[in-house]
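A quick write-up on the structure given underneath.
Residue numbers (this note's numbering): 632 to 1269.
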């Protein structure tokens, strides 16, 4: 979002009107690097005398001006052409010199040409230390930047030319007539000279005649007010133009009534003994159209047509600012469609997209006209409520949303009653930003989902404390295996008849350096969510087999070893291989190992579980169902 807005703000006024191409190149390089999130950017602009004005931002070539023939080739200069070109990996692209790229640290690059009237003027290149595929949207943004840089560069040249024409016209018109004709009358962009007193056209070039549809004679009978659409700003702009040199944006009306967006560069100079204003016009209608399209895309969700996360965050920020001035309260609701995943997985993405569109429309219908509904991503929506008196008002809105979804939603896959998990957060002095308010509402929504479908939860500070604690635990758990913090305990299995120890079950505990022993009920679910459970299961398997094998070698009884395996490992497809590797490395006999999985794991993923259990049995490894009878009553399923 910020990248598009920064680009949209780039105007000719940002650049020095004193024909400083070096300053333009420096500013463009910085913008290019920021807009593309690149490690470096290089900009080159060639002037009429063949001097290359180069600037860098971040990494890249040195910033200096040189003659075109003296400019060293970049390893990716071959990419400079008529259209944007990219190299996603310099190690794999034969077009670039990979040895030079290695010395520069460049692994990917995109190059956008600077062109004016099919004439090459230079280029913008952005580079990265990592392989990176530059997408179409990024190329469009860089092309828009290139168009703006070209406009600024041409404007800088024209300032120099117009100053020169004015001086020669004043001192020796005859001697400078050929130069004047080449620069003014034959220039491919519209140019004219205005009377500084009457605002009438004193001269126009052929490009102006072609663009605006008036003949030179018709122009001579007009004033600039006929061309200018925004007459209210005409006096201000004209006074600035008469004062010396200026640059501004305007809207012009063509003879056929069409309106165009233009950027205007002017220089006050004498013309035929009268005070005049030499003017260069650049049509930026298409550029502005693309700019609006980019900004619209940055603010709108393409599926529902409503606000997206960027626009929602901006509106929450504005609402917070107004709220502080008026001592009012706002609320944010974050909403999850409980059945979306079932529809998307079972009926396909077309049905899922249709369900999201229907849900967005129903939410809008259930709320006040001034409330904002946005899709944050996937099946997550958000609502901004303005001027809520107290928490009860926001809960009332949540209740209306819930009631609106009691009737089935019609979508491409059929009809379905969808329940909502809703999190509510209201503004307070403790929440100073839109991000914090949205974060609080999301935490409340996750609490609602955890408590069961179709619930509403209001944010309380303990939710943030739990999340922070969980995040800290997650980071520590990622290093628990490599740091040797897991502890193995072997619980004996005793025969009721003889009282003898006939086996043992492997149990794992996490000895945290500052928290002490962390129980499995705390860290095992976290490990399953984050994908770390496989590493923990493998560690337990190796440690248990190694310990019991050592006992066997020392003459202890032939014990049966039971090891619990997480249900998450059943769907990986490599469980048998990992078990076999542990047995091979430790020398533990496979006929004395029993792998235990929970009843719920076996029934929740029957196909994967059945395939993996069959492979274990075929490998001679015993399988047991743990927690039998605690989750399902159907013995036939088991």
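Glycine included, C-beta positions come from ideal geometry on N, C-alpha and C.
Runs of beta strand (DSSP E) with 3 or more residues, each lying fully within the stretch 856-923, are found at 876-884, 890-902 and 905-914, listed in chain order. Segment contact: the stretch 1219-1231 against the stretch 1187-1205, three or more CB-CB distances shorter than 8 Å; contact assigned.
Rounded to the nearest angstrom, the gap between the Cα atoms of residue 839 and residue 1064 is 50 Å. Note that the C-beta distance between residue 1175 and residue 1119 is below 8 Å.
Residue pairing by DSSP places residue 967 opposite 1011 and 1052 in a beta bridge. DSSP places residue 1092 in the helix class (H, G or I) of the three-state scheme.
DSSP places residue 750 in the uninterrupted beta strand (DSSP E) bounded by 750-759.
Counting every other CB atom within 10 Å of its CB across the protein chains shown gives residue 874 a total below 16, marking it as exposed. Beta-bridge annotation (DSSP): residue 676 is paired with 684. Residue 784 and residue 871 have their C-alpha atoms spaced approximately 21 Å apart.
For residue 954, no beta strand (DSSP E) segment is defined; the enclosing uninterrupted segment is the alpha helix (DSSP H) at 940-957. The three-state secondary structure of residue 1173, taken from DSSP, is helix. Rounded to whole angstroms, the Cβ separation of residue 1086 and residue 1052 is 6 Å, and the two are in contact under 8 Å.
The C-alpha of residue 1031 is placed about 20 Å away from the C-alpha of residue 1078.
A straight-line Cα-Cα distance of about 14 Å links residue 1123 and residue 1139. The C-beta of residue 778 has 16 or more other C-beta atoms within 10 Å across all chains shown, which makes the residue buried. With respect to the 8 Å criterion, residue 742 and residue 756 are classified as neighbours on the basis of their beta carbons. Taking 8 Å as the upper bound for CB-CB distance, residue 893 and residue 913 are in contact here, some 6 Å apart. Residue 821 sits in coil when the DSSP states are folded into three classes, being neither helix nor strand. Rounded to the nearest whole angstrom, the CA to CA distance from residue 1150 to residue 1163 is 16 Å. Apart from the 5 residues on each side of it in sequence, residue 868 sits with its Cβ closer than 6 Å to the Cβ of 879 in its chain, given in chain order.
Following the DSSP letters along the chain, one finds residue 1077 inside the alpha helix (DSSP H) bounded by residues 1065-1082. In the DSSP secondary-structure assignment, residue 832 is bridged to 825. Spanning the alpha carbons of residue 865 and residue 816 requires a straight line of approximately 25 Å. Comparing C-alpha distances from residue 841 to each of 885, 814, 832 and 855 shows the shortest one belongs to 885.
In terms of Cβ geometry, residue 1054 and residue 965 form a close pair [threshold 8 Å]. Residue range 1040-1042 is occupied by the beta strand (DSSP E) that includes residue 1041, with no alpha helix (DSSP H) assigned at that position.
Residue 752 and residue 851 have their C-alpha atoms roughly 34 Å apart. Residue state for residue 1253 is assigned as strand, using DSSP reduced to three classes. Residue 744 has 754 as its beta-bridge partners, per DSSP.
In the DSSP secondary-structure assignment, residue 1147 is bridged to 1143. Between residue 909 and residue 961, the gap from beta carbon to beta carbon reaches 8 Å or more. Take residue 747, set aside five residues on each side of it, and the residues of its chain with a beta-carbon closer than 6 Å to its own are 781 and 785, in chain order. Around the beta-carbon of residue 1100, fewer than 16 other beta-carbon atoms lie within 10 Å, marking it exposed. Excluding sequence positions up to five before and after residue 1167, its CB lies within less than 6 Å of the CB of 1158, all in the same chain and listed in chain order. Rounded to whole angstroms, the gap between the alpha carbons of residue 951 and residue 1058 is 8 Å.
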